[in-house]
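One structure below.
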Amino acid sequence: MTRVALLGSTGSVGRNTLQVVREMKPEVGVVSLAAGRNFEELVRQTLEFRPELVSLGDEKTLDRFRTRLGQELGLGDYRPELLCGPAGNLAAVQSVPCDIVISAAVGVAGLEATYEAVRAGKRVALANKEVLVSAGDLVMKEAACSGAELLPVDSEHSGLHQCLRSGRRDEVEKVILTASGGPFRSTPQSEMGQVTPRAALKHPTWKMGRRITIDSATLMNKGFEVIEACQLFGLAPNQVDVVVHPQSIVHAMVEFVDGSVVAQLAAPDMKLPIRYALSYPGRLSGGFDARLSWDRVRQLEFEPPDWRKFPLLGLAYQALALGGTAGCILNAADEIAVEAFLEFKIPFPSIPKVVEGVLEQACIGQPRSLDEVLVADRQARVLARTLVEADAVPVSS
776 MTRVALLGST GSVGRNTLQV VREMKPEVGV VSLAAGRNFE ELVRQTLEFR PELVSLGDEK
836 TLDRFRTRLG QELGLGDYRP ELLCGPAGNL AAVQSVPCDI VISAAVGVAG LEATYEAVRA
896 GKRVALANKE VLVSAGDLVM KEAACSGAEL LPVDSEHSGL HQCLRSGRRD EVEKVILTAS
956 GGPFRSTPQS EMGQVTPRAA LKHPTWKMGR RITIDSATLM NKGFEVIEAC QLFGLAPNQV
1016 DVVVHPQSIV HAMVEFVDGS VVAQLAAPDM KLPIRYALSY PGRLSGGFDA RLSWDRVRQL
1076 EFEPPDWRKF PLLGLAYQAL ALGGTAGCIL NAADEIAVEA FLEFKIPFPS IPKVVEGVLE
1136 QACIGQPRSL DEVLVADRQA RVLARTLVEA DAVPVSS
């Protein structure tokens, strides 16, 4: 049985992962679960999957979880180890023997545990963008030393991973990541100032968490994916292109030196890349209805992104060029700006303004340890909050 340690189990990717586990039983089982504050969902998951270890975000949430779990379990024999905080996340990947770590925690919460899993040489399935965007150089260096295998869970990087199996790395000319364009692909730039959080959270093709949905609306998510692709596959920035593909059927393409292009097509369903990561290097038959319906795929459209309307994509390439802690700073600033937009503190066009301001004003260095990355993250968040306050205006809901 493949033993899974799951960081971020109550989030969108975490819940999809557990659905895949249900479908892959008994070949796959869960040995540890880690989440934040959604203790009620975690109780349900714990009762179903019976992990050996469960971790929550803080002591207060852990106490509420312990009480509720005890009520549900009664006098039964099952009693998982219960922990919380960063130490709990670390224990989830270190204390219980596992075959693969699914890193799906939102934000930097899962960064340290994922980093330690890589250092230990474990197979890690990455769904947490912060790991490679914020600390890619350190993580990839440790992976090279430990022999850890990194498998992408993002649909685009999973698509690249599959396409790259068609040829040698030295035969690759460039790779192409597709973007749906989000809900504002056709919205005139002059109307972007009137965008509301409710409108921005209506993604046309994907069902995701709140932050990643907003990042998709700004194309920041695609910028993060460019950074991830360079780290994961050893590519130069000029080898990674982005095209807008509103149907979200083609997830990635690889162009080889002879001009041939290999594309990965699939329905827009997160369970597909999760299943690929859990069954790699093989493929197991899907237990869910995620097949492409070819009679409904009438056309596949591609167009260049609007760099002026979506400046965050360009800022991601800028952060790549700057290197060092620039990716970490970019991510931290974006998280604070998105949070401010969702709380109606700043208008939609101010998200890139805040991020650009932080990237210009922050001190970018070459981190020698994960602690230095986390320091840069905290400093960027303080600066971002300052810029949010300076730009804050009442925004209509």
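Each residue of the sequence shown is one higher than the one before, starting from 776 at the first, in the working numbering. Built from N, CA and C at the ideal position, the CB exists for glycine as well. These numbers come from a predicted model, not from an experiment.
| query | result |
| --- | --- |
| Local conformation of Arg1073 per DSSP, three classes | coil |
| Contacting residues, own chain, Cβ-Cβ under 6 Å from Leu976 (five flanking each side not counted) | Thr988 |
| Cβ distance (whole Å) where His1020 is taken to contact Glu1076 below 8 Å | 7 Å |
| For Gly783, the nearest candidate out of Met776, Asn791, Thr777 (CA to CA) | Asn791 |
| Delimiting residues of the alpha helix (DSSP H) encompassing Met799 | 787 to 799 |
| Boundaries of the beta strand (DSSP E) in which Gly998 is found, first to last residue | Premise fails: Gly998 lies in the alpha helix (DSSP H), 995 to 1008, not in any beta strand (DSSP E). |
| Segment contact flag, the segment 929 to 936 with the segment 1036 to 1050, C-beta cutoff 8 Å, min 3 pairs | yes |
| Local Cβ density within 10 Å of Pro1056, reported as buried at 16 or more and exposed below that | exposed |
| Bridge-paired residues (DSSP) for Ile951 | Asp1016, Met1028 |
| Beta carbon of Lys1120 nearer than 8 Å to that of Met967 | no |
| CA nearest to the CA of Phe1181, picked from Glu1078, Asp1146, Ile1002, Leu994 | The requested residue 1181 is not part of the displayed model; the chain covers only 776 to 1172. |
| Own chain residues within Cβ distance below 7 Å of Leu837, not counting five before or after | Leu831, Leu857, Cys859 |
| Beta-carbon separation (whole angstroms), Thr777 vs Val795, contact threshold 8 Å | Thr777 to Val795, Cβ: 11 Å. No contact. |
| Under the three-state DSSP convention, the category Leu857 falls into | strand |
| Length at least 4, wholly inside the segment 878 to 955: the alpha helix (DSSP H) runs in chain order | 886 to 894, 904 to 921, 930 to 938 |
| Run of the alpha helix (DSSP H) containing Gly804, from where it starts to where it stops | Taken as a continuous stretch (DSSP letters only), Gly804 belongs to no alpha helix (DSSP H), being part of the beta strand (DSSP E) at 803 to 809. |
| Nearest-angstrom Cβ-Cβ length linking Ala1101 and Ala1112, presumed shorter than 8 Å | Not quite, the Cβ-Cβ distance comes to about 16 Å (not below 8 Å), so this is no contact. |
| DSSP-derived helix/strand/coil call for Ala1052 | helix |
| Coarse secondary structure for Arg986, derived from DSSP in three states | helix |
| Cβ shell of Gly942 (< 6 Å), same chain only, five flanking positions each side left out | Phe1031 |
| Backbone CA spacing between Thr785 and Gly1034 [nearest angstrom] | 43 Å |
| Same chain, Cβ closer than 6 Å to Leu1117, five either side skipped, listed in chain order | Pro972 |
| CA nearest to the CA of Ala1159, picked from Val1130, Gly863, Pro1142 | Val1130 |
| Sufficient close CB pairs (3 or more, under 8 Å) joining the segment 804 to 813 to the segment 892 to 904 | no |
| Three-way DSSP call (helix, strand, coil) for Thr777 in this model | strand |
| Glu827, DSSP secondary structure in three states | coil |
| Beta-carbon proximity of Leu925 to Ala919, cut-off 8 Å | no |
| Range covered by the alpha helix (DSSP H) that runs through Leu848 | 834 to 848 |
| Minimum C-alpha distance to Lys1128 - residue among Glu823, Phe814, Arg898, Glu1164 | Glu1164 |
| Cross-strand partners of Val876 (DSSP beta bridge) | Ala780, Val899 |
| Distance CB(Ala809)-CB(Ala880) smaller than 8 Å | yes |
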